[in-house]
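Trainee: If you read the sequence shown in my numbering, its first letter stands for residue 4, the second for the next number, and so on. Idealized CB from N, CA, C, for every residue including glycine. None of these values were measured; they are calculated from a predicted model.
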Amino acid sequence: MTDDPDGFRRESRDRWERAAAGWAAQRPVVQAALQGVSAWLVEAIDPQPGHRVLELAAGPGDTGLLAAELIAPGGTLISTDGAEAMVDAARARAAELGVENVEFAAMDAEWIDLPTADVDGVLCRFGYMLLADPAAALRETRRVLRPGGRVALAAWTDPADNPWASVPMAELVRMGAADPPDPAQPGMFAFRDRARIEGLLREAGFTEVQVDQLDITLRYDDLDAWWDTQLDLSTGLRTAVGALAPAQRDELRDAIDPRLAEHVRDDGSVALPGRTHVAAASA
């Protein structure tokens, strides 16, 4: 847990409210890379017609909307996020796809506003590791699941496995423009250790715990397109870069681009590797 959980929650909610427009704009790029992750999570909860499925930290909602198709007829997806703007993005995506068996709510994953034993499955793609108290969120997840219900989550592995995200921050730290991330605090790589995922799931009362890894590839037209995407997705990166003088911004890119050069193809397009844990367990 973070040292100041309430302050962290306020700041986190504000960041995600501000990031929602960028996530909606970059949704096609993100979902193209993460389609396999979403498919793994949905399959792991074994959705059936008539099921109630909860998605936490849904963002633009693509993972849950895959499940919504499988629980029809008679089933309901409850798509939630802590940021109202993210909920709006998911609602717009559902309307675009014509998915109607879905309810939307702004909801904190640490205090799930649902009755006990209310849902058959819970999905959370890249959410738990960002929370002030992920142990509390997993206990809440266990509470709202019916006996035998399933949870499935994704969380990034080591920074070295994910240069598309870790290299910019590493260079900002080198320049003295950012503090080194604390691995003990909430963040993108807080669940890098699979043993932590297993331990938290078991401590929350889950059984049949399974943790695997999936490799992904993020594709861009060129490094400039990758950079623009990162600035859209990460308010932290955008703020740090915005605080730099123009010459420092040039210095930053001059340091970053060579570190990613091995992933640039002859035509200038970019294929950046990534790796994530995927985990599932039974209530």
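Are leucine 263 and valine 170 close, meaning C-beta to C-beta below 8 Å?
Mentor: Here the question's residue 263 lines up with position 260 in the sequence shown. Here the question's residue 170 lines up with position 167 in the sequence shown. Yes, the pair counts as a contact, with Cβ atoms nearer than the cut-off.
Trainee: Out of Ala88, Leu175, Phe107, which has the shortest C-alpha to C-alpha gap to alanine 248?
Mentor: Position 245 of the sequence shown, counted from the start, is the residue given in the question as residue 248. Measuring from the Cα of alanine 248, the nearest candidate turns out to be Leu175.
Trainee: If isoleucine 48 and arginine 153 are in contact, beta carbons under 8 Å, what's the gap, nearest whole angstrom?
Mentor: For the purposes of this step, residue 48 is taken as residue 45 along the sequence shown, with counting starting at 1. For the purposes of this step, residue 153 is taken as residue 150 along the sequence shown, with counting starting at 1. Right, the Cβ-Cβ distance comes to about 4 Å (below 8 Å), so this counts as a contact.
Trainee: Tell me whether histidine 233 is buried or exposed, calling it buried when 16 or more other Cβ atoms sit within 10 Å of its Cβ.
Mentor: As a first step, residue 233 is located in the sequence shown; it is residue number 230 there, counting from the start. The question names histidine, but residue 233 is glutamine in the sequence shown. Counting Cβ neighbours within 10 Å, glutamine 233 comes out buried, since at least 16 surround it.
Trainee: Please list, in chain order, all residues of the same chain as valine 56 whose beta carbon is under 8 Å from its beta carbon, the five residues on each side excluded.
Mentor: Translated into positions along the sequence shown, residue 56 becomes position 53. Hits under 8 Å: Ile48, Pro50, Gly67, Ala70, Ala71, Ile74, Gly78, Thr79, Leu80, Ile81, Val122, Asp123, Gly124, Val125, Leu126.
Trainee: In this structure, what does DSSP give as the bridge partners for phenylalanine 107?
Mentor: By one-based count along the sequence shown, residue 107 stands at place 104. Its beta-bridge partners are Ser82.
Trainee: If you draw a straight line from the alpha carbon of glutamate 254 to that of proline 31, how long is it in whole angstroms?
Mentor: For the purposes of this step, residue 254 is identified with residue 251 of the sequence shown, where counting begins at 1. For the purposes of this step, residue 31 is identified with residue 28 of the sequence shown, where counting begins at 1. Taking the straight line joining both Cα atoms gives about 30 Å.
Trainee: What are the boundary residues of the alpha helix (DSSP H) that threonine 242 is part of?
Mentor: If you number the sequence shown from 1, residue 242 lands on position 239. Unbroken alpha helix (DSSP H) run through threonine 242: 238-245.
Trainee: Here's a check: name, in chain order, each residue in its chain whose Cβ is nearer than 7 Å to the Cβ of histidine 54, leaving out the five neighbours to either side.
Mentor: On the sequence shown, residue 54 is found 51 positions in, with the first residue counted as 1. Cβ neighbours of histidine 54 beyond the five flanking positions: Ile74, Gly78, Asp123, Gly124.
Trainee: Measuring CA to CA, which of Val244, Leu236, Thr279 is closest to alanine 28?
Mentor: Against the sequence shown, residue 28 aligns to sequence position 25. That would be Leu236, whose Cα lies nearest to the Cα of alanine 28.
Trainee: Beta strand (DSSP E) containing isoleucine 219: first to last residue?
Mentor: As a first step, residue 219 must be located in the sequence shown, where it is residue number 216. Looking at the DSSP string, the run of the beta strand (DSSP E) that includes isoleucine 219 is 210-223.
Trainee: Tell me, which residues are paired with proline 276 by DSSP?
Mentor: Here residue 276 refers to the residue found at position 273 when the sequence shown is read from its first residue. DSSP, once it has assigned bridges, lists Thr220 as partnering proline 276.
Trainee: Taking buried to mean at least 16 other C-beta atoms within 10 Å of its own C-beta, is arginine 177 buried or exposed?
Mentor: Here residue 177 corresponds to residue number 174 of the sequence shown, with the count starting at 1. With fewer than 16 other Cβ atoms within 10 Å, it is exposed.
Trainee: Quick one: what does DSSP say arginine 134 is sitting in, helix, strand or coil?
Mentor: Indexing the sequence shown from 1 puts residue 134 at position 131. Arginine is not the amino acid found at residue 134; the sequence shown has leucine there. Three-state result, leucine 134: coil.
Trainee: Look at the alpha carbon of proline 189 and the alpha carbon of valine 102, and state the distance between them as a whole number of angstroms.
Mentor: Here residue 189 corresponds to residue number 186 of the sequence shown, with the count starting at 1. Here residue 102 corresponds to residue number 99 of the sequence shown, with the count starting at 1. One C-alpha to the other measures close to 33 Å.
Trainee: Distance check for phenylalanine 129 and glycine 151, CA to CA, integer angstroms please.
Mentor: Position 148 of the sequence shown, counted from the start, is the residue given in the question as residue 151. Position 126 of the sequence shown, counted from the start, is the residue given in the question as residue 129. Glycine 151 and phenylalanine 129: Cα-Cα distance of roughly 23 Å.
Trainee: On the DSSP bridge assignment, give the partners of glycine 124 in chain order.
Mentor: Within the sequence shown, numbered from 1, the residue matching residue 124 stands at position 121. Paired residues: Val56, Arg153.
Trainee: My output table needs one value for leucine 141: the three-state DSSP class, helix, strand or coil.
Mentor: On the sequence shown, residue 141 is found 138 positions in, with the first residue counted as 1. Note: leucine 141 maps to helix in three-state DSSP.
Trainee: Going by Cα to Cα distance, which pick from Ala180, Asp91, Val273 is closest to glycine 64?
Mentor: Your numbering for residue 64 matches position 61 in the sequence shown. Among Ala180, Asp91, Val273, the Cα nearest to that of glycine 64 is on Asp91.
Trainee: Closest by CA to arginine 145, which one among Ala258, Gly245, Leu59?
Mentor: Locating residue 145 in the sequence shown gives position 142, counting from the first residue. Closest option to arginine 145, Cα to Cα, is Leu59.
Trainee: By a C-beta neighbour count over all protein chains shown, 10 Å radius and 16 as the cutoff for buried, is arginine 268 buried or exposed?
Mentor: Along the sequence shown, one-based indexing puts residue 268 at 265. It is exposed - the Cβ of arginine 268 has fewer than 16 other Cβ atoms within 10 Å.
Trainee: Which word fits proline 166, buried or exposed, when buried means at least 16 other C-beta atoms lie within 10 angstroms of its C-beta?
Mentor: For the purposes of this step, residue 166 is taken as residue 163 along the sequence shown, with counting starting at 1. It counts as buried.
Trainee: CA-CA distance, glycine 10 and proline 162?
Mentor: The residue you call residue 10 lines up with position 7 of the sequence shown. The residue you call residue 162 lines up with position 159 of the sequence shown. In a straight line, the C-alpha of glycine 10 is about 26 Å away from that of proline 162.
Trainee: With DSSP run on the structure shown, which of helix, strand or coil describes leucine 117?
Mentor: Counting from 1 along the sequence shown, the entry for residue 117 is found at position 114. Coil.
Trainee: What residue does the alpha helix (DSSP H) around aspartate 6 start on, and which one ends it?
Mentor: Walking along the sequence shown from the start, residue 6 turns up at place 3. No alpha helix (DSSP H) holds aspartate 6; DSSP gives it neither H nor E.
Trainee: Quick one: what's proline 283 bridged to in DSSP?
Mentor: Within the sequence shown, the letter at position 280 stands for residue 283. For the sequence presented, residue 283 should be read as alanine rather than proline. In the DSSP output, where bridge partners are listed per residue, alanine 283 has Ala155, Gln213.
Trainee: Which same chain residues end up closer than 7 Å to leucine 100 when comparing Cβ atoms and leaving out the 5 residues on each side of it in sequence?
Mentor: Here residue 100 refers to the residue found at position 97 of the sequence shown. Around leucine 100: Leu68.
Trainee: Shortest alpha-carbon distance to arginine 199 belongs to which of Ala108, Thr160, Pro276?
Mentor: Your numbering for residue 199 matches position 196 in the sequence shown. The shortest C-alpha separation from arginine 199 is found at Thr160.
Trainee: Is it buried or exposed for tryptophan 230, if we count other Cβ within 10 angstroms and need 16 for buried?
Mentor: As a working mapping, residue 230 is identified with position 227 in the sequence shown. Burial call: buried.
Trainee: When the cut-off is 8 Å and only beta carbons count, does leucine 37 lie next to chain D?
Mentor: Judged by its chain identifiers, the structure shown contains no chain D, having just a single protein chain.
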